[in-house]
Each structure stands twice: as C-alpha cells, then as structure tokens.
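Only one structure is covered here, and it is reproduced in the block below.
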Amino acid sequence: MDLGRARVPQGEVHVIVERCKECNFCIKYCPAQVLEYSTQTNDKGYHYPVMVADKADGCVYCKFCDLICPELAIYTTPVDGDADAG
Numbered sequence: 001m002d003l004g005r006a007r008v009p010q011g012e013v014h015v016i017v018e019r020c021k022e023c024n025f026c027i028k029y030c031p032a033q034v035l036e037y038s039t040q041t042n043d044k045g046y047h048y049p050v051m052v053a054d055k056a057d058g059c060v061y062c063k064f065c066d067l068i069c070p071e072l073a074i075y076t077t078p079v080d081g082d083a084d085a086g
C-alpha cells in the first residue's frame, strides 16, 4: 500500500434540527471535533449541532454521529468522489 497516495474521505453533516434533543453525543464523540452547539435553539428549546466555522471541511465521513444519535437527528453523506468511503 502506498500511504503517500492514501487520502482521508470527506463527508457533509446534515442535522434535522427539530429532532435534536441536545444530548451532546455527536459533539462529544466526533473524532474530528468538527461539531459545536448552535447559538440558536429549535422549537423545543434545544441547541442543535453545527459545524465549527474553521473546520467546515473537516468531517472525515466516519458516520459515528449517524450511529450514536438516539434521535436520528444527524447524518452524513459523502462529498463527491467519496461514495465508496465509510
């Protein structure tokens, strides 16, 4: 394997704002640390996750947030060219 040619996959994070109940799992356990709480709240009064401003391209498409969210409020999709990643 030529590690010089290996690349980290990229993902895009999507949040279903109204499903979020601010459990903090996605933010706390993201291995790339690309999520933080929004300053705004959803209709239920919960702060939902958003991408950290200077890490907008930092999602490594591990899909851990997809798996850990008890409300299924967050999911990731591959960025073009990474369809086989994950």
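In this note's numbering, the protein residues as written are 1 to 86.
We treat Cβ as the ideally placed atom computed from N, Cα and C, and that holds for glycine.
Predicted model, so just to flag it, every value in this text is computed and none were measured.
Exercise for the section: Kindly indicate which three-state DSSP category L3 falls into: helix, strand or coil? Expected result: Here the question's residue 3 lines up with position 3 in the sequence shown. Three-state DSSP puts L3 in coil, outside helix and strand.
Practice task
Could I get the ranges of all uninterrupted alpha helix (DSSP H) runs contained in the segment 43-84, with 4 residues as the minimum, in chain order?
Solution key: Runs found: 64-68.
Problem - DSSP three-state assignment for V8, whether helix, strand or coil - result: In the sequence shown, counting from the first residue as 1, residue 8 sits at position 8. If DSSP states are grouped into helix, strand and coil, V8 belongs with coil.
Handout entry: Among D80, R7, A53 and K63, nearest to I26 - alpha-carbon criterion
Key = Numbered from 1 along the sequence shown, position 26 holds the residue referred to as residue 26. Checking the displayed sequence, the identity of residue 26 turns out to be Cys instead of Ile. For C26, the nearest C-alpha among the options comes from K63.
Handout entry: Selected residue, minimal CA-CA separation from C20, among V34, V52 and D66
Key = Here residue 20 corresponds to residue number 20 of the sequence shown, with the count starting at 1. Measuring from the Cα of C20, the nearest candidate turns out to be D66.
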